[in-house]
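Residues in the sequence shown are numbered consecutively from 980, following my numbering.
We put the beta carbon where it would ideally sit given N, CA and C, even for glycine.
Model, not experiment: these values are computed from the prediction.
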Amino acid sequence: MGTDFRQRPHRRYNPLNGEWVLVSPQRALRPWQGQVERVTAARRPPYDPECYLCPGNLRASGERNPNYQHTFVFVNDFSALLPDTPLKAFEDHPLLRAVSVPGECRVLCFSPRHDLSLAEMEVEAILHVVDAWIEQTEELGKRFRWVQIFENKGEMMGCSNPHPHGQIWALEALPNEVLKEHHQQTQHYRQNRRPLLLEYVELELQQAERVVVENEDWLVVTPFWAIWPFETLLLPKSPVLRLTELKNSQRLNLAAILKRLLAAYDRLFNTSFPYSMGWHGAPFLEENVLGWQLHAHFYPPLLRSATVRKFMVGFEMLAEAQRDITPEQAAARLREVLPS
Ligand code: H2U
Ligand code: ZN
């Protein structure tokens, strides 16, 4: 990209969801006079008797968690979706439509250790999380069209408990974000006979500018069209439709690259880095999934320090997403703090 694009406002196209993002690199040059505090997080104990996710403890439902060794999955006691929902449509008027949606919500504890984050866990322990993601996708994919695996990390992202955990919501419908990606990938495949994201991986490996970290099987980039300051996209280098297709070496390399990426995130602002992350793979029961390629999105809110975050308000809510620091600058910053 020429200097015009590096220094002047422009819009970038996201081929994965068909949306545009406004990039204003000239604003990143302005002086920052706000505070840059250092937050020292209180050290947590490895076991907290009050935690509803720790092994052996009682949950709100009155059920007791087993003394699990690696990971533990349970049905969310406050599920947003319920499996026994009868299929019904409400259509009194074309402007007033509703459909019922059966689904299931689960919580996945990443580790029995209350005091660790995914970034702080050993690669071997992260591999157990990868395996749990695979098992859950396999099982719930038999009953639901979409299985959303995600993690909200940190209070800033609305996470209610520091015990390392993620969630799984499975439902009988393709949610908005997924539907956009489904259309875009399907259309790209029809026109080019190649999955969009596989083509994108090749491009990013050639250009190298937005690469954060890679290994034999995986690539992490700050996507060209990223909206969050330090947003990243994690992609397999070869064709993979879903998590359930991963071979042993890919599982291992996934655990390893997750460790490196998350460690870099933590080092960036010297804090346990908050984010929402989640997996997107080919939907189940869909006839045409040829254009799909598995990937994970990481959406961290932090902008300038452990406490200064980006807000998606104003122009973003009413017009479109906007960013100051370019994805190329963000990738360079993340590469600088990548552990060896
Ligand atoms: P978050 O902190 O990421 O929101 O996840 C915690 C989830 O755990 C939340 O969805 C559930 C909440 O409904 N939960 C239980 O299922 N049982 C409990 O005893 C407390 C919290
Ligand atoms: Zn705990």
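- Item | Buried or exposed (CB count within 10 angstroms, at least 16 for buried), Val1126 | As a working mapping, residue 1126 is identified with position 147 in the sequence shown. Buried is the call here.
- When the distance is taken between beta carbons, is Leu1225 closer than 8 Å to Ile1147? What you label residue 1147 is simply residue 168 of the sequence shown in a count that begins at 1. What you label residue 1225 is simply residue 246 of the sequence shown in a count that begins at 1. For Ile1147 and Leu1225, no; Cβs fall outside 8 Å.
- Is any heavy atom in the ligand ZN found nearer than 7 Å to the beta carbon of Cys1030? Translated into positions along the sequence shown, residue 1030 becomes position 51. Indeed, a heavy atom of the ligand ZN lies less than 7 Å from the Cβ.
- Considering only residues of the same chain and omitting the five flanking positions on each side of Ala1235, which have a CB-CB separation below 7 Å? As a working mapping, residue 1235 is identified with position 256 in the sequence shown. When the five nearest sequence neighbours on each side are left out, the beta carbons in the same chain lying within less than 7 Å of the beta carbon of Ala1235 are those of Val1102 and Asn1194, in order along the chain.
- Task: Could you spell out where the beta strand (DSSP E) holding Asn1131 opens and where it closes?
- Result: Your numbering for residue 1131 matches position 152 in the sequence shown. Counted as a single uninterrupted DSSP element, the beta strand (DSSP E) harbouring Asn1131 occupies residues Trp1125 to Lys1132.
- Task: Look up Glu1117 in the DSSP assignment and say whether it is helix, strand or coil.
- Result: Taking the first residue of the sequence shown as 1, we reach residue 1117 at position 138. Three-state result, Glu1117: helix.
- Task: Please name the residue, chosen from Glu1151, Val1000, Val1080 and Leu1060, that lies closest to Phe1069 on a Cα-to-Cα basis.
- Result: Here residue 1069 refers to the residue found at position 90 of the sequence shown. When C-alpha distances from Phe1069 are compared across Glu1151, Val1000, Val1080 and Leu1060, the shortest belongs to Val1080.
- Lys1132 versus Met980: straight-line alpha-carbon distance, rounded: Working through the sequence shown from its first residue, we reach residue 1132 at position 153. Working through the sequence shown from its first residue, we reach residue 980 at position 1. The straight-line gap separating the alpha-carbon atoms of Lys1132 and Met980 is approximately 34 Å.
- Query: Per DSSP, what kind of secondary structure is Gln1301 in: helix, strand or coil?
  - Reply: For the purposes of this step, residue 1301 is taken as the residue at position 322 of the sequence shown. If DSSP states are grouped into helix, strand and coil, Gln1301 belongs with the strands.
- Task: Check each candidate in Arg1124, Thr1050 and Ser1228 and name the one with the smallest Cα separation from Phe1089.
- Result: Position 110 of the sequence shown, counting from 1, holds the residue named residue 1089. Minimum Cα-Cα distance from Phe1089 among the listed residues Arg1124, Thr1050 and Ser1228 corresponds to Thr1050.
- Task: Note down, one range per segment and in chain order, each alpha helix (DSSP H) of at least 4 residues found wholly within the region 1227-1290.
- Result: You should have 1227-1247.
- Using three-state DSSP, classify Asn993 as helix, strand or coil. Within the sequence shown, residue 993 is the residue found at index 14, counting from 1. In the displayed model, Asn993 falls within a strand according to three-state DSSP.
- Task: Note down the Cα distance separating Val1190 from Ala1311, rounded to an integer number of angstroms.
- Result: Indexing the sequence shown from 1 puts residue 1190 at position 211. Indexing the sequence shown from 1 puts residue 1311 at position 332. Looking at the backbone, the Cα of Val1190 and that of Ala1311 are separated by about 8 Å.
- Just the Cα atoms here: how many angstroms apart are Glu998 and Gly1041? The residue labelled residue 998 in the question sits at position 19 within the sequence shown. The residue labelled residue 1041 in the question sits at position 62 within the sequence shown. Rounded to the nearest whole angstrom, the C-alpha separation of Glu998 and Gly1041 is 45 Å.
- Task: Pair every Cβ in the region 1262-1269 with every Cβ in the region 1149-1165, then say whether three or more of these pairs are closer than 8 Å.
- Result: When Cβ pairs closer than 8 Å are counted between the two stretches, the region 1262-1269 is seen to touch the region 1149-1165, the count reaching three or more.
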